[in-house]
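Residues in the sequence shown are numbered from 94 upward in steps of one, following the numbering used here. Glycine residues also receive a C-beta, built at the ideal position from the N, C-alpha and C atoms. Worksheet: the structure to be examined is printed underneath.
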Amino acid sequence: MGRRLLGVVDAQVADDTRGIPHAYTVVMHPTDRAAFSDVEPDLIRELTEAVTQHSERESYRLAEPVIVVLRSDENTKRGNIAVLASLVADEIKIEATEAVVVQPIAASMATSVAGAITSAIVLEDGTRHVLDTERVTIGRQSGCTIVIRDTNVSREHVALRRRPTGWTLRDIGSTNGTKLNGVRVEDEQLLANGDVIMLGAIKVIFEIS
94 MGRRLLGVVD AQVADDTRGI PHAYTVVMHP TDRAAFSDVE PDLIRELTEA
144 VTQHSERESY RLAEPVIVVL RSDENTKRGN IAVLASLVAD EIKIEATEAV
194 VVQPIAASMA TSVAGAITSA IVLEDGTRHV LDTERVTIGR QSGCTIVIRD
244 TNVSREHVAL RRRPTGWTLR DIGSTNGTKL NGVRVEDEQL LANGDVIMLG
294 AIKVIFEIS
């Protein structure tokens, strides 16, 4: 599903602007969608992150934050999906007669905002560290990518990695622990825009802009 979605994203690129639509609808048979009922919010989050991070890597321009929704349609053959793209989420029309439906890019994309999507860690003092490598470490020691000189923070506290579905967070044996939106991080966690990361008592924000 992720590969199909990113394929549609790539197909939307306008050669003159590298602008793409920001709203995508994944259409499937109700039975297929029911199989994802327990994980649908996580799936939508992962797909949204995948499009955002892919756009960042490819230097695509997005006029608005990425929106991904799932919809059921009885006319879609079981096992198949249709991916619809639109500049505005409300304009998406479900056309499930083809495996993938790509809508043309509106002319207004030629004036879309400049600059690629970027991911960053924002510290409590407002300092913003852009994540521009495949792996980022945060800790107290000078060898870390992002250095926070506070005794609440371990020498090497957390690692962030760029995955195909987006940026992830993992505690790397810190003394005071790591929390993501108030929940202790026990294993690798996928990050979303606005996530609050607590490194012991130190708060940082994961930001996509």
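Boundaries cannot be given for V106, as no beta strand (DSSP E) includes it and DSSP labels it neither H nor E. Inter-residue distance for E142 and I160 is about 10 angstroms (C-alpha atoms, whole angstroms). Less than 8 angstroms separates the beta-carbon of R138 from that of L283. Residue environment analysis places Q234 among the exposed positions, since fewer than 16 neighbouring C-beta atoms fall within 10 angstroms of its C-beta. Sequence-distant Cβ neighbours of L99 in its own chain, meaning closer than 6 angstroms and more than five residues away, are H147. Distance between H115 and P158, taken at the CA atoms: about 6 angstroms. Residue environment: G112 is assigned as buried (16 or more neighbouring CB atoms within 10 Å of its CB, all protein chains considered). Of the other Cβ atoms in all chains shown, 16 or more fall within 10 Å of the Cβ of T271; this residue is therefore buried. R126 and Y153 have their alpha carbons spaced roughly 29 angstroms apart. Short of 6 angstroms from the beta carbon of L253, and not among the five residues preceding or following it, lie these beta carbons of its own chain, in chain order: V229, W260, L262. Between the stretch 264 to 280 and the stretch 169 to 183, the count of Cβ pairs shorter than 8 angstroms is below three; the stretches do not touch. Across the structure, Y117 and A175 are spaced so that their CA atoms are roughly 10 angstroms apart.
DSSP places I295 inside the beta strand (DSSP E), whose first and last residues are 295 to 301. Out of L292, G236, A104, A178, the CA that lies nearest to the CA of V120 is found in A178. With a 10 Å radius around the Cβ and a threshold of 16 neighbouring Cβ atoms, S247 comes out buried.
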